[in-house]
Amino acid sequence: ITIKTIRLGLPSGLTQAIFSSAMIIVQSLTNQFGEQFIAANVITPVEFVGSIMDLCQDRRGVFEDMKDAFVVVDRDYSYLDANASAKNFFPELRLTVKRESIPEQLLHLFQQEEERFVLNERHYVKKVVPIEEKGVIEGYGMLISDIHEQHLLMEELTKEKERAEDANAAKSAFMSTMS
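Be aware that the sequence shown starts at 5, since it is given in the working numbering, and climbs by one per residue.
Next comes the structure, spelled out in structure tokens:
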């Protein structure tokens, strides 16, 4: 885990790197305060990914280096944050600032019940989870995964299964006429 540091701007113009909360100086001595964040690379078995993502979302985490799109909005569906994949998926997000309205298409995805959808002839699955603090919904996180290849594979498997069933029925018909 790589821990990024906070930088405090002191009245003297100097900055102080803070590596732990125990090092924070009384706020009246500072004129700037940056937020602490952690950059983490998590390697885990597939069955734990959902739990780890839930934990990160509970702590207002954003998944930067993943191919799936991840967007965070507040309870009124105003933009809070998105990873690079989400900004590629919805280029309008590149110009969207915090607390601004999200694009209509993205709002529709947050609010629709269906998990699977098609966009630009590709198949996707989405999961929207509420972000709660002390039992109150403060916002939502949405993960969008491209499942187009899996969809095509399932279509091909379905066609092959139908062909096998037709061949089996033809074989059975032939065998019954032969006997």
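By construction, the Cβ of each residue, glycine as well, lies at the ideal position given by its N, Cα and C atoms.
Please read these numbers as outputs of a predicted model, since none were measured by experiment.
Am I right that Tyr83 and Arg103 are in contact with their C-beta atoms under 8 angstroms? What's the rounded C-beta distance?
7 angstroms
Beta-carbon contacts of Ser149 that lie in its chain and below 6 angstroms, excluding the five residues immediately before and after:
Asp72, Val129
Just the Cα atoms here: how many angstroms apart are Ala174 and Thr162?
18 angstroms
Would you identify the three-state DSSP class for Ile106, choosing helix, strand or coil?
coil
Proximity below 9 angstroms, CB of Ala86 to CB of Val76
yes
Might you give, ordered along the chain, the residues of its own chain that have their beta carbon closer than 7 angstroms to the beta carbon of Gly143, omitting 5 neighbours on each side?
Val76, Val77, Asp78, Arg79, Leu84, Ile135
How many angstroms separate the CA atom of Ala171 from the CA atom of Glu160?
16 angstroms
Cβ shell of Phe114 (< 7 angstroms), same chain only, five flanking positions each side left out:
Val77, Tyr81, Val132, Tyr144, Met146
What would DSSP say about Glu164, mapped onto helix, strand or coil?
helix
Give the single residue among Met179, Leu156, Pro95 whose Cα lies nearest to the Cα of His127.
Leu156
If we count the other Cβ atoms within 10 Å of its Cβ and call it buried at 16 or more, is Phe94 buried or exposed?
buried
Nearest to Glu125 (by Cα), restricted to the options Thr181, Met179, Glu153, Met182:
Glu153
For Ile141, the residue or residues it bridges with in DSSP
Glu136
What separation, rounded to the nearest whole angstrom, lies between the Cα atoms of Phe74 and Met158?
25 angstroms
Contact set for Arg120: own chain, Cβ-Cβ below 6 angstroms, skip 5 residues either direction:
Val129
Run the CB neighbour count on Ala90, radius 10 Å, all protein chains shown included, and call it buried at 16 or more, exposed below.
buried
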